[in-house]
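Written out below as structure tokens is the structure these notes cover.
Residue numbers (this note's numbering), protein chains in the order written: chain Y, 848 to 1046; chain S, 848 to 1046.
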């Protein structure tokens, strides 16, 4: 038992399994926390307990929240005519940080995948189509990742929405702000060139 | 409030301040934990609470433990005639993983530093000298980092132990196991060459 006590060792093992961490970084973090245990460590433990017991999915959009309907879905200032479809809660958070979309969201929780046997029902796509139909949505923005699976899923959803008469859009492809052409892949450069605009 | 709830946001902020993590990796970890909240997250919260309340320094050597005297100091199978002096608990853990030292430790908790105004009393060096004298230690291994501050501290301690008549040694410098010469710095190569040994 090199690391102090069984609890410390268990803590390091558990931390080391988190995404992006390994045994070495976990040890470093745990030692750092033990040194500041009066403050940070107790606070972190309590927050983890609280978030673990209170977090759940928004019944409307699938966002993570601490109530039945999330803050975004229940915000009267948000545009109810637009729905932005994302793969994952992380993508929703990223769009919210961008601070330019004022509509509401729908979190799929994944992409269609023949390999992993994930079909439209697993992602709740029929329920999404029904939601869009019932709530009289004007525009659906498919903000899925620009990967093969993401784009396949986007096309599937666009097809499923075809008969409803809602406007379906996707994110623009192009040069990232601050990006240097020399470091961009060929696909992005072609996309940016094809979608060029008048200055 | 992009990230779900105030608690989630507080958790991400707190996580992002841990060494080696930033806002992006903290978000990723928190989302991962929320997805597995039934298991990992509650467990992690409870372990943090427990380690925070139980961890303290061994009264004998300064190692982190959950009792007054740590498992190493109270292990009757360990050699009581040797003390290995380390800067930090992380170094003690590293040596224990190496699994070849069977004596006991002394954790300084830092190095002498004129810039940061850390003197011998701040590191408890007089107490260390007294401990070595009283416990009839035969050998003191100064396993301090091979940095300027670490080596300065090692020399200071060696001087302070001069009159006690204890054997004072330091770790060997040389090529790390598995290391390639081409990637080593000049200092290490010279040290390894000077300390060459007969095969």
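We put the CB at the ideal spot given by N, CA and C, even for glycine. In this text, all values refer to a predicted model and were calculated from it rather than measured experimentally.
Where residue 872(Y) is concerned, the enclosing alpha helix (DSSP H) starts and stops at 870-882. Nearest Cα to residue 986(Y) within the set 927(Y), 1007(Y), 957(Y) and 947(Y): 927(Y). Relative to residue 855(S), the option among 868(S), 876(S), 1000(S) and 1017(S) whose CA is nearest is 876(S). DSSP places residue 958(S) in no alpha helix (DSSP H); its state is neither H nor E. Around the beta carbon of residue 946(S), a 10 Å sphere encloses fewer than 16 other beta carbons of the protein chains shown; the residue is thus reported as exposed. For the stretch 931-952 of chain Y, residues whose beta-carbon sits nearer than 7 angstroms to a beta-carbon of chain S comprise 936, 937, 940, 943 and 944. Under the Cβ criterion of 8 angstroms, residue 1046(Y) is not counted among the residues facing chain S. Residues of the stretch 956-984 of chain Y with a C-beta less than 7 angstroms from any C-beta of chain S: none at all. No Cβ-Cβ contact shorter than 8 angstroms links residue 894(Y) with residue 898(S). Around residue 1031(S), the same chain offers 1022 as residues with beta carbons nearer than 7 angstroms, after the five sequence neighbours per side are excluded.
With fewer than 16 other beta carbons inside 10 angstroms of its own, residue 915(S) counts as exposed.
Residue 963(Y) and residue 1036(Y) have their C-alpha atoms roughly 31 angstroms apart. Bounds of the alpha helix (DSSP H) holding residue 997(S) are 995-1007. Here DSSP, grouped into helix, strand and coil, assigns residue 1015(S) to strand.
At a cut-off of 8 angstroms between C-beta atoms, residue 994(Y) does not count as an interface residue with respect to chain S. In terms of beta-carbon proximity, residue 925(S) stays away from the interface with chain Y, with every pair separated by 8 angstroms or more.
The stretch 1008-1016 of chain S and the stretch 978-992 of chain S touch, with three or more beta-carbon pairs separated by less than 8 angstroms.
Within chain S, the residues whose beta carbon sits less than 7 angstroms from that of residue 891(Y) are 861 and 895, listed in sequence order. Cβ proximity to chain S below 7 angstroms picks out 897, 898, 899, 901, 902, 910, 911, 912 and 913 from the stretch 897-915 of chain Y.
The Cβ atoms of residue 991(S) and residue 998(S) lie closer than 8 angstroms to each other.
Residue 1023(Y) does not reach chain S, its nearest Cβ partner there being about 16 angstroms away, counting only Cβ pairs nearer than 8 angstroms. Going by beta carbons, residue 851(Y) and residue 902(S) fall inside the 8 angstroms limit.
Judged by beta-carbon spacing, residue 976(Y) lies beyond the 8 angstroms limit of residue 952(Y), meaning their Cβ atoms are not closer than that value. The beta carbon of residue 1036(Y) does not come within 8 angstroms of any beta carbon belonging to chain S, so the residue lies off that interface.
Annotation: residue 887(Y) to residue 1033(Y) spans about 46 angstroms, alpha carbon to alpha carbon. In this structure, residue 960(S) keeps its C-beta atom at 8 angstroms or more from the C-beta atom of residue 867(Y).
With respect to the 8 angstroms criterion, residue 958(S) and residue 922(S) are not classified as neighbours on the basis of their beta carbons. Interface residue (Cβ-Cβ distance to chain Y less than 8 angstroms): residue 876(S) is classified as such. For the C-beta of residue 887(S), the chain Y residues within less than 7 angstroms are, from N- to C-terminus, 861. For residue 898(S), the enclosing alpha helix (DSSP H) covers residues 889-901. Residue pairing by DSSP puts residue 989(Y) in a beta bridge opposite 932(Y) and 1017(Y).
Annotation for residue 918(S): 912 place their beta carbon closer than 7 angstroms to its own, counting only its chain and skipping 5 residues before and after. By the criterion of a C-beta distance shorter than 6 angstroms, residue 907(Y) is surrounded in its chain by 916 and 920, once the five residues flanking it on both sides are discounted. The beta carbon of residue 965(Y) is closer than 8 angstroms to those of 957, 958 and 959 in its chain, skipping five residues each way along the sequence. Taking every protein chain shown into account, the CB of residue 1000(S) has 16 or more other CB atoms within 10 angstroms, so this residue is buried. With contacts defined as CB atoms closer than 8 angstroms, residue 878(Y) and residue 937(S) qualify as a contacting pair.
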